[in-house]
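In the working numbering, the protein residues as written are 23 to 177. What follows is a single structure, written as structure tokens, with notes after it.
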Amino acid sequence: MENYSTTTRYVDQSAVASLFKSTYLQMAAALTVTALTAFFLPQLEIFEKIFISADGTFNTTPMWVAIAAELGVVFWLSARLFSMSMTAATLLFVLYSVLNGVTMSIIFLVYDPMSIALTFAVTAGMFFVMSLVGYVTRMDLSKFSSIFMMLLIGI
């Protein structure tokens with residue numbers, strides 16, 4: 023009698039495709055909320071009153087509050103993710119996206135919106151291409167992490 027200790031693992035490809043689709047749609051929605059918040063917030067009059075002092079300098083206190091709130095949501099969501107309802111987790115994720123947009127909105131005071139859009143497009147394009155390469159080839163791209171880090175620093 024032979025003893026075989028090999029285990030066969032079957033993965034339903036439609037379940038994997040569905041997971042990828044769901045994840046990408048949620049991330050795209052969150053990035054859209056962040057981008058819209060970051061773009062439209064600096065155009066509001068109250069934004070300048072909150073973030074720009076009377077003498078024209080940048081008021082850092084509201085930014086630190088926004089960063090602390092963003093980190094608080096991340097820690098809260100991470101600690102309680104498996105014990106909260108899907109609705110609560112989704113609302114916290116949307117809140118995180120809005121807070122991320124608040125912290126990113128300062129960039130629109132410093133840089134040209136076209137420059138920001140181009141940078142975002144290049145980043146999104148690279149993410150899409152690398153995701154496609156990993157998905158189609160089933161290759162583990164983590165072995166290239168040191169090369170990608172050097173490229174990131176070099177650019």
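All residues carry an ideal CB built from backbone N, CA and C; glycine is no exception.
Run through DSSP, which three-state label would I128 get?
Translated into the one-based positions of the sequence shown, residue 128 becomes position 106. If DSSP states are grouped into helix, strand and coil, I128 belongs with coil.
Hey, how far is the Cα of T16 from the Cα of K71?
Any question about residue 16 goes unanswered here, given that the chain covers just 23 to 177.
Using CA atoms only, rank isn't needed, just tell me which of F149, L131 and G176 is closest to G78.
Reading the sequence shown from its first residue, position 56 is the one you call residue 78. The shortest C-alpha separation from G78 is found at L131.
So A76 is in the alpha helix (DSSP H); what residue range does that whole segment cover?
Locating residue 76 in the sequence shown gives position 54, where the first residue counts as 1. Note, A76: premise wrong, no alpha helix (DSSP H); not H, not E.
Between A76 and M126, how many whole angstroms is the CB-CB distance? I'm expecting something under 8 angstroms.
Looking up residue 76 in the sequence shown gives position 54. Looking up residue 126 in the sequence shown gives position 104. With a Cβ gap of about 25 angstroms, A76 and M126 do not count as contacting.
Check the C-beta distance from V144 over to L117 and give it rounded, since I have them as a contact under 8 angstroms.
As a working note, residue 144 is residue 122 in the sequence shown. As a working note, residue 117 is residue 95 in the sequence shown. Between L117 and V144 the Cβ distance is about 28 angstroms, and since that is not below 8 angstroms, they are no contact.
Going by alpha carbons, who is nearest to I129 out of F97, L103 and M85?
In the sequence shown, counting from the first residue as 1, residue 129 sits at position 107. Minimum Cα distance to I129 is reached at M85.
Grab me the residues of W98's own chain with a C-beta within less than 8 angstroms of its C-beta, minus the 5 sequence neighbours each way, in chain order.
Walking along the sequence shown from the start, residue 98 turns up at place 76. Excluding positions up to five away in sequence, the list reads L114.
Out of curiosity, what's the CA-to-CA distance linking A39 and G156?
For this step, residue 39 is matched to residue 17 along the sequence shown. For this step, residue 156 is matched to residue 134 along the sequence shown. Near 13 angstroms, if we compare the C-alpha coordinates of G156 and A39.
Quick one: what's got a C-beta closer than 7 angstroms to A52's C-beta in the same chain, skipping five residues either side?
The residue labelled residue 52 in the question sits at position 30 within the sequence shown. Apart from the 5 residues on each side of it in sequence, A52 sits with its Cβ closer than 7 angstroms to the Cβ of F115 and S119 in its chain, given in chain order.
Determine the contact status of G123 and T56, defining contact as a CB-CB distance below 7 angstroms.
Mapped onto the sequence shown, residue 123 falls at position 101. Mapped onto the sequence shown, residue 56 falls at position 34. The criterion of a C-beta distance shorter than 7 angstroms is satisfied by G123 and T56.
Length of the line joining the Cα atoms of K165 and M171:
In the sequence shown, counting from the first residue as 1, residue 165 sits at position 143. In the sequence shown, counting from the first residue as 1, residue 171 sits at position 149. One alpha carbon belongs to K165, the other to M171, and they sit about 11 angstroms apart.
First and last residue of the uninterrupted alpha helix (DSSP H) at F170
Counted from its first residue, the sequence shown places residue 170 at position 148. Here the alpha helix (DSSP H) through F170 covers S167 to G176.
Going straight from the alpha carbon of D162 to that of F149, what length do you get?
To locate residue 162, count along the sequence shown from 1; it is residue 140. To locate residue 149, count along the sequence shown from 1; it is residue 127. If you draw a straight line from the Cα of D162 to the Cα of F149, it comes to about 15 angstroms.
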